[in-house]
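Protein sequence lines, in the order shown, are assigned to chains F and U.
This note's numbering applies: residue 2 is where the first sequence begins, and numbers increase by one.
This note's numbering applies: residue 706 is where the second sequence begins, and numbers increase by one.
Built from N, CA and C at the ideal position, the CB exists for glycine as well.
As the structure is a computational prediction, the values presented were derived from the model and not from experiment.
So the structure is just underneath, and the comments pick up after that.
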Amino acid sequence: MGLLNNLINKSRLKSPWVVHYDCGSCNGCDIEVLACLTPVYDLERFGIVNVGNPKHADVLLVTGTVNKRNKAVLKNIYDQMPEPKAVVAIGTCGMSGGMFRECYNVVGGVDKVIPVDVYVPGCPAKPEAIIDGVVKALELVKAKLEGKAPQSDAAPAEPAEGKPEEPKPEIDAA
Amino acid sequence: MELSIFTILIALVLLLLSPLAGGFITGVDRRLTAWLQSRYGPPLVQPFYDVLKLLGKAPMIVNSWQVLCAYIYLVSAVVALFIFFMQGDLLLIFFVVTVGAVAQVVGAMTVNSPFGQTGAQRELLQMLAYEPLLVMVFVGMAKAAGSFNVSDIMNVEEPLLFSLPLLFIAMVIVMLIKLRKSPFDISSSGHAHQEIVSGVHTDYSGPQLALLEIGHWLEVVLLLGITALFWTSQTTTFIGVILIIVETYFVEILIDNISARMTWKWMLRTSLCTGMVLALVNIFWLYY
Numbered sequence: 002m003g004l005l006n007n008l009i010n011k012s013r014l015k016s017p018w019v020v021h022y023d024c025g026s027c028n029g030c031d032i033e034v035l036a037c038l039t040p041v042y043d044l045e046r047f048g049i050v051n052v053g054n055p056k057h058a059d060v061l062l063v064t065g066t067v068n069k070r071n072k073a074v075l076k077n078i079y080d081q082m083p084e085p086k087a088v089v090a091i092g093t094c095g096m097s098g099g100m101f102r103e104c105y106n107v108v109g110g111v112d113k114v115i116p117v118d119v120y121v122p123g124c125p126a127k128p129e130a131i132i133d134g135v136v137k138a139l140e141l142v143k144a145k146l147e148g149k150a151p152q153s154d155a156a157p158a159e160p161a162e163g164k165p166e167e168p169k170p171e172i173d174a175a
Numbered sequence: 706m707e708l709s710i711f712t713i714l715i716a717l718v719l720l721l722l723s724p725l726a727g728g729f730i731t732g733v734d735r736r737l738t739a740w741l742q743s744r745y746g747p748p749l750v751q752p753f754y755d756v757l758k759l760l761g762k763a764p765m766i767v768n769s770w771q772v773l774c775a776y777i778y779l780v781s782a783v784v785a786l787f788i789f790f791m792q793g794d795l796l797l798i799f800f801v802v803t804v805g806a807v808a809q810v811v812g813a814m815t816v817n818s819p820f821g822q823t824g825a826q827r828e829l830l831q832m833l834a835y836e837p838l839l840v841m842v843f844v845g846m847a848k849a850a851g852s853f854n855v856s857d858i859m860n861v862e863e864p865l866l867f868s869l870p871l872l873f874i875a876m877v878i879v880m881l882i883k884l885r886k887s888p889f890d891i892s893s894s895g896h897a898h899q900e901i902v903s904g905v906h907t908d909y910s911g912p913q914l915a916l917l918e919i920g921h922w923l924e925v926v927l928l929l930g931i932t933a934l935f936w937t938s939q940t941t942t943f944i945g946v947i948l949i950i951v952e953t954y955f956v957e958i959l960i961d962n963i964s965a966r967m968t969w970k971w972m973l974r975t976s977l978c979t980g981m982v983l984a985l986v987n988i989f990w991l992y993y
């Protein structure tokens, strides 16, 4: 069993299937996400496939601010993904709400609704940064599986009172 | 067909090697597709990574019938391939494969998702398109070789391709539909087409999806085996048989990359009209 488990854990890092949800983004980040799939960046080199189905996906890429209308959709997509899974919030809006954070209809960043593993900053985020974000997310999944961190399916992050804190980006957009 | 321990052992060994072969063929398929699209593409063993990862995911089962259908699909592919390696009856193989295809449709229909339902309907239409052609191919082979048994078809005096050239083209159409290649990939999408999400596979996830994928690999091996029957004879060499398999598969990938996805009406018209005319002309030619 040890060998099989090792193989499966290795495969998890080699075959991340991503599902992409646009949470009300301006389309800037979405274009960058899809640019990763073009021949220039060719994400399939790393086994990354863009699937349109949360039930097949391992990594959820979220762009844009979360508002009161689509936070239920975002939660639903997250809940449909089987464990182990990771979430990558892309762009300034996905991290904190960006320039829309004080709008009356905006909930804030993605982490107000679902637990986020990796934040990719940028307005829009660069394709290189997005690829790096997915790789970082997989390293986190691996750490989780090895029991170094709690499972992500616990309770979603509590909505903070007042203005959200500035999330600390884990990677550089440059 | 003589039943002996030796033939059963050989068939079992080939059966155990088939998922490996099917996985590598799928890997080559993805590499070639990437090459045709000016990309680098995933490593050759990528399909194995995918399936192992899916096996390790937490199960998310919508209902138990779905799981049963996934197992029926896999078992039907295993049984059909075993009969083929035992050099058994082609018609029996055809019916066993059909059971698997129907299980896939039923599995998608048990879930109340519009994508799965649409995919299931389209899968049924695909079956309507390729099954008559596959039967005609088998009938043509039986007419030319005098028997439905794979062992007799493999021992004909000259390759069947010379007497069944038009049926070979019909077989290419069958394979395009069965392997879910463009322009016939309407019921489920392998390559990031998301018109109906992933069609019949929408509600499968994790281990069940892995079972379906392994079943698909076995079907790839079976279809390539049937293609090889066009070249096997008393005089042909092993290299020739490998060459015809490689060439046919390359043609499939090429057509996949140069054609757009079409509608089911177009699929029925093209495959049934073209394929049936080709098949009937070829069979009448054999008779007269």
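Three-state secondary structure (DSSP) of residue i
i        : result
Trp18/F  : strand
Asp908/U : coil
Asn7/F   : helix
Val67/F  : strand
Asn962/U : helix
Asn854/U : strand
Val50/F  : strand
Asp23/F  : strand
Ile115/F : coil
Ala36/F  : helix
Pro870/U : helix
Ser12/F  : helix
Ile891/U : coil
Ile882/U : helix
Gly98/F  : coil
Ile766/U : coil
Ile950/U : helix
Cys30/F  : helix
Glu103/F : coil
Gly746/U : coil
Glu45/F  : helix
Glu957/U : helix
Ser976/U : helix
Ile901/U : coil
Pro994/U : The requested residue 994/U is not part of the displayed model; chain U covers only 706 to 993.
Buried or exposed (CB count within 10 angstroms, at least 16 for buried), residue i
i        : result
Met100/F : exposed
Ser709/U : exposed
Pro764/U : exposed
Pro819/U : exposed
Ile32/F  : exposed
Ile891/U : buried
Arg70/F  : exposed
Cys104/F : exposed
Tyr992/U : exposed
Ile713/U : exposed
Asn77/F  : exposed
Glu140/F : exposed
Gln152/F : Low local confidence applies: a pLDDT of 47 at Gln152/F is under 50, so the model's placement there is unreliable, with the coordinate-based value given in what follows. Label assigned to Gln152/F: exposed.
N- and C-terminal bounds of the beta strand (DSSP E) containing residue i
i        : result
Thr64/F  : 60–64
Ala87/F  : 87–91
Tyr120/F : 119–121
Val107/F : 107–109
Own chain, CB closer than 6 angstroms to residue i, minus 5 neighbours either side, in chain order
i        : result
Lys30/F  : Residue 30/F is actually Cys in this sequence, not Lys. Within the same chain, Cys30/F has close Cβ partners Thr64, Ile91, Gly92, Pro125, Ala126.
Leu4/F   : none
Val861/U : Ala850, Ser938
Thr975/U : none
Val801/U : Ser781, Val784, Ala785
Pro55/F  : Val20, Ile78, Gln81, Met82
Val810/U : Ala825, Glu828, Leu829
Range of the contiguous alpha helix (DSSP H) that encloses residue i
i        : result
Asn77/F  : 72–81
Pro128/F : 128–146
Met814/U : 795–814
Gln771/U : 769–790
Ile713/U : 710–741
Pro752/U : 751–761
Val986/U : 980–992
Trp936/U : Neither: Trp936/U is in no alpha helix (DSSP H) and is coded neither H nor E.
Met967/U : No alpha helix (DSSP H) holds Met967/U; DSSP gives it neither H nor E.
Own chain partners of residue i with C-beta closer than 8 angstroms, once the 5 adjacent residues on each side are dropped
i        : result
Ala156/F : Its pLDDT being 43, under 50, Ala156/F is placed unreliably by the model, and nothing is read from it.
Ala933/U : Val946, Ile949, Ile950
Glu45/F  : Leu38
Leu146/F : Asn10, Arg13, Pro85
Glu957/U : Val877, Met880, Leu881, Leu884, Lys886
Asn768/U : Thr815, Val816
Own chain partners of residue i with C-beta closer than 7 angstroms, once the 5 adjacent residues on each side are dropped
i        : result
Phe789/U : Ile798, Val855, Leu927, Gly930
| If you measure beta-carbon to beta-carbon, which residues of the region 51–66 of chain F are closer than 8 angstroms to chain C? | Protein chains in the displayed structure are F and U, and chain C is not among them.
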